[in-house]
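Some notes on the structure that comes next.
Residue numbers (the working numbering), protein chains in the order written: chain A, 37 to 435; chain B, 37 to 435.
Okay, here's the thing in C-alpha cells:
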C-alpha cells in the first residue's frame, strides 16, 4: 500500500495568485470593454537585453554543430558562470565568494524549496509574517514546526530576532517580498549574532538585491562579519535581468558553513548541497547559462541597470501618488514593491475587489502573505510606465 | 541548533562517474599520446537538430522584444508543449494521455528525484539491482526502507515481481539503464497486476523508449490495461533529441491515479504533484520548451530518427563484435546500452582498468550499478561511428 505524504493535507489549497487570476478572469469576462492594469504578481514586462539574447543566439549555434555541441554539464553550473558571479560579488558588495561556493540553478524558488532536503525535520523554522509563501509551504510539506516573527507598522515591517524563541532555521528576505522593506547592516548584524549564538542557519533571500541604490544598505548578507558561518544566500536573475521565463538563479553555500547531524557528526553544508544537486538535478541549460553570463558583461550590466531604473521610476510614481494622498506605505525606493495600508481600514480582499471593480487595477491582497498582511496591499513597479501612470491617476481619483 | 539531515551519511560518497573521470584523467596525464575512446557515461555526441535550433532562435528573438516577451510561464509547462506530448503518445504508442496529465520538467533525473516528496517515508521501496543510482540515492536521503529485486543472467536481467515481498513503491526502467534489457507487454502486465494487488505505485522510467524499434515491445507502461491506476511515467528529451545539456523532460501523472494518506484520506497524485511543482519549481525556460516542441514537428521527428538510427548502428557494431567473440551480452537492439559479461570472469573494475590501460577504451563497471552488476560492464552507443568502430577493432584484438 503506497501511502502519500500526509503533510500535503496541511498545505493551504487555495493559492493566492490563482485566486487573483480567477477573480480577474471573471471581471474581464463580465466587462470586456474595461482596460485592466495588472500590478499584482511580481512579473517583469521589459524584454531580455540585447547582450543576453546575442549570447543565447551564439550558444544555440554552438549546440547545432558537432564540434561545439555540449552534452551534460556540471550540475553546479559551468565555471564561466560561477566565476562571473564570484566577480560580481566583489564589485557589487566587496564580498569574496569563491566560484566553488556558487551553485547555479533554475531559479531561487527551486533552491529555496529544495534546500529543505539537507536539514533534519526536527528543526524549528522561524519565518517572518507576512512572507513569500514558498518558505512556509515547503516546510509544511515536511511537517516541520514553524514559528512566526511579526512584521508590522510598529517595526517598519523589519522584524528583529525574538528574545524568547530559539529557532534553528531562519528565513529572511531583503529587499523584502512582499513589503519592500530593506534591512540595514546593523539589523542584519543582530540576526547574524542571533544565528551564531544558537548555531542556527539563516536562509537569506537576496532576489531583489540589485534594486538597492542606497550605498549604505547591504546587498549581501556576507557583508556582515560571521555570516559565512551561518548563512546561505539565494539570488536570482528573474527581477534583475528579466529572467522570470528564462529561469536562472544562484545560491551561495560558503565553504566554512558546517552543522552537525543529531548524533553529532559535523557535515559541510556545501558538500551536502553538492550531493543533493548531483543526485536530484542536472544543471541549467547551456544556452541559458551563456545568457546569464552576458548579464555580467559591461553591456549587459548597462542594459539591466537601464531596466531597473525604469522600474524604479514606476515605483517613484506610485510612491508619490500615495504620499500626496497621505496613505501609509513602505518600500518603493530600494525595492520594486510598494506595501500600502488599505485606506479606510478596509480588509485586503475588500480593497482588492474595490480596486478591480472601480478602477480595474489589480494588486495583491496583503493577507495572502500572512495574517500581518491583513489591511495591507502590495503594488509592484514591474508594469509599463504608461500603465503605472494611468493606474495611479485612476487611484488618485478615488482616494 | 540547526541539525542536518543525518540520512546523507548513508549515501554512498564516491560517485561512480567521478571515480571513472579521475581514473581517465590520471591515465591521459600519464599517456598524453594515447587516443582514449569514451563509451562510459551515457552522454550523446550528435548536435541538436536544425528544427530544434531554428525554433530556439525564434524564441530568443521573441524574448528580445516587448510585444512577444514571456515572463513566468505555467509551472507544468506551456500548453503548446503539453499538447504536442499528448499527440506523440497517441502516434507513438496509441495511448490516450490528456495534456493535463503531462508535466514538463527540466529532465527525468529531477522528476525521479523529486517525486519522492509526495510519498510518505513509511513506504517500502522496491528497486532492481543493477540500477540507475538516482533511484537508490534519492530514497536513502529520506531514510526509506529499500528492498532489491535481483536482475541477473538467469532472468535475462528482467526481474519479475517477488512473491514474498509487499512493496509500496516500485522503480522500473525499460529499455533499461544500465542493462539495455527491455520488458515485453506480458512482463509489464505482471508488474501492473502486482502493483494493483498491493495498491503499490510503479515509477516507470521510459527515458529510452524512442530506441525501441520492435513493434511488439511496449514504449509506454500505459499500453498495459490498468497502468493508469498504478503508474507514473518519466520521459526525457536527453537521449531522444540530444537534450543532455539542454534540459527538458516530461512526466505523466494520470488523472485517475489516487492513493491514501496513512489516516485514510484519498489524494489525487496529479494534484499533489501539481502542488509540489508550483511550490518548489518554476517551469522550464520558454526558449527550451519551444525547442522541445520542435522535436515533435515532421522535420524534428525525421531528424531525431536519423540520430537514433546512427546510435543504433553503433550498437550493432558493438553487438556484432561481442557476438563474434562469443561474449555474453544483452541490450544493443532496442537500446543504446550494451551490457556485457567481463571475459575470463574478471571483476568489473579489473576489466575497466584493463580496457583503459591496454586499448584506451572507457566503459562503465557494472558493479557501480549494484552488486548484481559485478562481473559485467556497460558500453554505450553514443560515441561517433568512427570511434565505435575503432574501439571495437581494438577490443577484438585482445579478446
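Beta carbons are placed, not taken as given, at the ideal position from N, Cα and C, and that holds for glycine.
Could you tell me whether the Cβ atoms of residue i and residue j are closer together than 9 Å?
i	j	result
residue 285 of chain A	residue 85 of chain A	no
residue 343 of chain A	residue 427 of chain A	no
residue 64 of chain A	residue 70 of chain A	yes
residue 326 of chain B	residue 375 of chain B	no
residue 265 of chain B	residue 353 of chain B	no
residue 372 of chain A	residue 171 of chain A	no
residue 74 of chain B	residue 433 of chain B	no
residue 39 of chain A	residue 159 of chain B	yes
residue 141 of chain B	residue 339 of chain B	no
residue 41 of chain B	residue 297 of chain A	yes
residue 226 of chain B	residue 177 of chain B	no
residue 151 of chain A	residue 44 of chain B	no
residue 377 of chain B	residue 189 of chain B	yes
residue 398 of chain A	residue 387 of chain A	no
residue 107 of chain A	residue 80 of chain B	yes
residue 316 of chain A	residue 146 of chain B	yes
residue 431 of chain B	residue 391 of chain B	yes
Does the Cβ of residue i have 16 or more other Cβ atoms within 10 Å, making it buried, or fewer, making it exposed?
i	result
residue 93 of chain A	buried
residue 381 of chain B	exposed
residue 234 of chain A	buried
residue 116 of chain B	exposed
residue 445 of chain B	Shown here, chain B extends from 37 to 435; a query on residue 445 of chain B therefore has no answer.
residue 329 of chain A	buried
residue 282 of chain A	buried
residue 127 of chain B	exposed
residue 350 of chain B	buried
residue 149 of chain B	buried
residue 272 of chain B	buried
residue 300 of chain A	exposed
residue 125 of chain A	buried
residue 364 of chain B	exposed
Who are the near neighbours of residue i in its chain, counting only those whose CB is closer than 6 Å to its CB and skipping five residues on each side?
i	result
residue 240 of chain A	208, 257, 267, 269
residue 161 of chain A	175, 180, 182, 205
residue 52 of chain B	404
residue 61 of chain A	none
residue 157 of chain B	178, 180
residue 332 of chain B	120, 124
Following the continuous alpha helix (DSSP H) through residue i, name the residue where it begins and the one where it ends.
i	result
residue 285 of chain B	Counting along the chain, residue 285 of chain B falls outside any alpha helix (DSSP H), though it belongs to the beta strand (DSSP E) covering 285-288.
residue 117 of chain A	115-129
residue 228 of chain A	221-234
residue 245 of chain A	Careful: residue 245 of chain A lies outside any alpha helix (DSSP H) and carries neither H nor E.
residue 270 of chain A	Element bounds for residue 270 of chain A: not the alpha helix (DSSP H) but the beta strand (DSSP E), 267-272.
residue 53 of chain A	52-66
residue 170 of chain A	169-176
residue 145 of chain B	144-150
Taking 8 Å as the cut-off, is the beta-carbon of residue i closer than that to any non-hydrogen atom of the ligand COA?
i	result
residue 326 of chain A	This structure lacks the ligand COA; in fact it carries no ligand of any kind.
From which residue to which residue does the beta strand (DSSP E) around residue i run?
i	result
residue 164 of chain B	160-165
residue 182 of chain B	181-186
residue 303 of chain A	302-304
residue 103 of chain A	Element bounds for residue 103 of chain A: n/a, residue is neither H nor E.
residue 17 of chain B	Because residue 17 of chain B is not part of the residues shown, which for chain B are 37 to 435, the question remains open.
residue 70 of chain A	Unbroken run through residue 70 of chain A: none, as it is neither H nor E.
residue 85 of chain B	From DSSP, residue 85 of chain B is part of no beta strand (DSSP E); its letter is neither H nor E.
residue 208 of chain B	205-209
residue 156 of chain A	Taken as a continuous stretch (DSSP letters only), residue 156 of chain A belongs to no beta strand (DSSP E), as it is neither H nor E.
residue 279 of chain B	Element bounds for residue 279 of chain B: n/a, residue is neither H nor E.
Can you find the residues in the same chain that come closer than 8 Å, C-beta to C-beta, to residue i, ignoring five residues on each side of it along the sequence?
i	result
residue 409 of chain A	165, 166, 214, 384, 401, 402, 403
residue 323 of chain A	92, 95, 96, 99
residue 119 of chain B	135
residue 77 of chain A	53, 56, 400, 416
Using a Cβ-Cβ cut-off of 7 Å (strictly less than) and excluding sequence neighbours within five positions of residue i, which residues of its own chain qualify?
i	result
residue 294 of chain B	302, 303, 304, 305
residue 109 of chain B	319, 322
residue 370 of chain A	211, 218, 247, 248, 249, 250, 253
residue 191 of chain B	none
residue 262 of chain A	228, 232
residue 366 of chain B	192, 193, 215, 216, 217, 375
residue 259 of chain A	129, 131, 221
residue 407 of chain B	165
So which residues of chain C does residue i contact, with C-beta pairs closer than 9 Å?
i	result
residue 89 of chain B	Absent here is chain C; the protein component of the structure consists of chains A and B.
>> Which runs of the alpha helix (DSSP H) at least 4 residues long sit entirely within the region 344-422 of chain A? Give them in chain order.
In response: 384-395
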